[in-house]
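Residue numbers (UniProt numbering), protein chains in the order written: chain A, 1 to 180; chain B, 1 to 180. Each residue gets a CB set at the ideal place from its N, CA and C atoms; glycine is no exception. Keep in mind the model is a prediction, meaning the values are calculated, not measured. Worksheet: one structure, shown below.
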DNA sequence: CGAGCTTGGTTCAAGTTTTAAACAAACCTA
DNA sequence: TAGGTTTGTTTAAAACTTGAACCAAGCTCG
């Protein structure tokens, strides 16, 4: 079939998005590298861990939240472990399982660098958006997310990660912490 | 000063954005790697080149458009040159300068893979947005862009890259091509 | 039960990218 | 012409990613 090219509006939106996301990720990485000694992805790992009651999460669940491959996560956690931010533990009910647990030191790093991170997110993004735009951004983001992974993979709409079998055992729900 | 944490709305928007941009960039990279044998950034380089009348751009101008460092661009162009998609030429008026020129082969690759790229962008993004949301996305993206580079660097609001001294000479304006 | 498939996670090897710092050449300005 | 700036590259060291291969543990079903 003949290609449906982007309309001028779409083209402008696309350009703006690509440029913005590049700049944003750059700014974030730079700031976190500076203040916390790690890139954004790694910081996000600590943040997610800090949000569970037990401050620990199974590798697969973590990978799912982060939208990265298990292999990639293994590498990342290895580095975080080497730096003392995370400890690996065995999962009690599933002997195959590994649980990544936030250490005291990891928590400390998180608390120490969270303010700067939030400040950067504000300065780069939210300080320039109206409340309506914040809502729009969430809606747009959610749609993309749904399109890109609700699509081919999980047909079940209610298989929430934090209620999954594997998780229910080794860790649990949500809460609010230093997660930006 | 005490940190202004993100509001729940902002937090949701932020999460949605981070997840979406990760997934999107992944999808794009995968598709282009598959169809064009190069990641998104490299494809974008070719696309930008294809849009100038002369199909060539100075390294610095290109780096600026792409929002990456010159060093990083040097590496990227080296690879593209090795693959025959781009040729390096000397800039006539500024003997320091290098101009990256799109080769016929590069143009062919671009034309061959553009439909697939556009299709991916549509399937991942625009097919799921209303026309209003397309406008919102552009507006939000533009604001981020402005925040992150209008800020510290160029105080002059009208120093458009394609009108800059160095550019006016070796290359020029805009047009529409295979640039997604 | 136990063969055979699936899942969780790691390892390995290779390659790709990225960064930062240092440079040389060419410009530019007084 | 000296001194500062801009261009673009080089270099060396890391950091990261990928994909395939693998092992061990779970699960399913005859």
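Spatial neighbours of residue i in its chain, beta-carbon cut-off 8 Å, leaving aside the 5 residues before and after
i: residue 101/B; result: 49, 54, 55, 56, 86, 87, 88 and 89
i: residue 84/B; result: 103, 105 and 106
Distance, residue j Cα to residue i Cα
i: residue 124/B; j: residue 4/A; result: 14 Å
i: residue 40/A; j: residue 33/A; result: 8 Å
i: residue 99/B; j: residue 75/B; result: 14 Å
i: residue 192/A; j: residue 13/B; result: Nothing about residue 192/A can be reported from this structure: the residues present for chain A run from 1 to 180 only.
i: residue 122/B; j: residue 7/A; result: 11 Å
i: residue 137/B; j: residue 135/A; result: 12 Å
i: residue 210/A; j: residue 104/B; result: Absent from the structure is residue 210/A, since the part of chain A shown begins at 1 and ends at 180.
i: residue 78/A; j: residue 72/A; result: 10 Å
i: residue 27/A; j: residue 21/B; result: 15 Å
i: residue 37/A; j: residue 68/B; result: 21 Å
i: residue 2/B; j: residue 31/A; result: 19 Å
i: residue 52/A; j: residue 60/B; result: 46 Å
i: residue 43/A; j: residue 64/A; result: 16 Å
i: residue 93/A; j: residue 140/B; result: 46 Å
i: residue 29/B; j: residue 108/B; result: 19 Å
i: residue 17/A; j: residue 95/B; result: 35 Å
Beta-carbon proximity of residue i to residue j, cut-off 8 Å
i: residue 70/A; j: residue 91/A; result: no
i: residue 145/B; j: residue 119/A; result: no
i: residue 45/B; j: residue 62/B; result: yes
i: residue 143/A; j: residue 129/B; result: yes
i: residue 148/B; j: residue 47/B; result: no
i: residue 81/B; j: residue 126/A; result: no
Three-state secondary structure (DSSP) of residue i
i: residue 112/B; result: helix
Own chain, CB closer than 7 Å to residue i, minus 5 neighbours either side, in chain order
i: residue 35/B; result: 113 and 116
i: residue 152/B; result: Note on residue 152/B: pLDDT 40, under 50, position unreliable in the model; the coordinate value appears next. Taken in chain order, the list of residues that qualify is empty.
Cβ neighbours of residue i in the same chain (closer than 6 Å, five flanking residues each side left out)
i: residue 97/B; result: 58 and 91
i: residue 157/A; result: For residue 157/A, the predicted structure reports a pLDDT of 33, less than 50, and the residue's modelled location is therefore unreliable. A value from the coordinates is still provided. Hits under 6 Å: none found.
i: residue 159/B; result: Only weak support is given to the placement of residue 159/B: the predicted model assigns it a pLDDT of 29, under 50, and the question is left unresolved by the model.
Check: residue i C-beta below 7 Å from any heavy atom of the ligand COA
i: residue 146/B; result: Of ligands this structure carries none, so the ligand COA is not represented either.
In chain order, which alpha helix (DSSP H) runs of at least 4 residues are fully inside the UniProt domain "HTH marR-type" (1 to 146) of chain A?
DSSP runs (the alpha helix (DSSP H)) wholly in the UniProt domain "HTH marR-type" (1 to 146) of chain A: 8 to 36, 40 to 51, 59 to 66, 70 to 82, 104 to 124 and 131 to 145.
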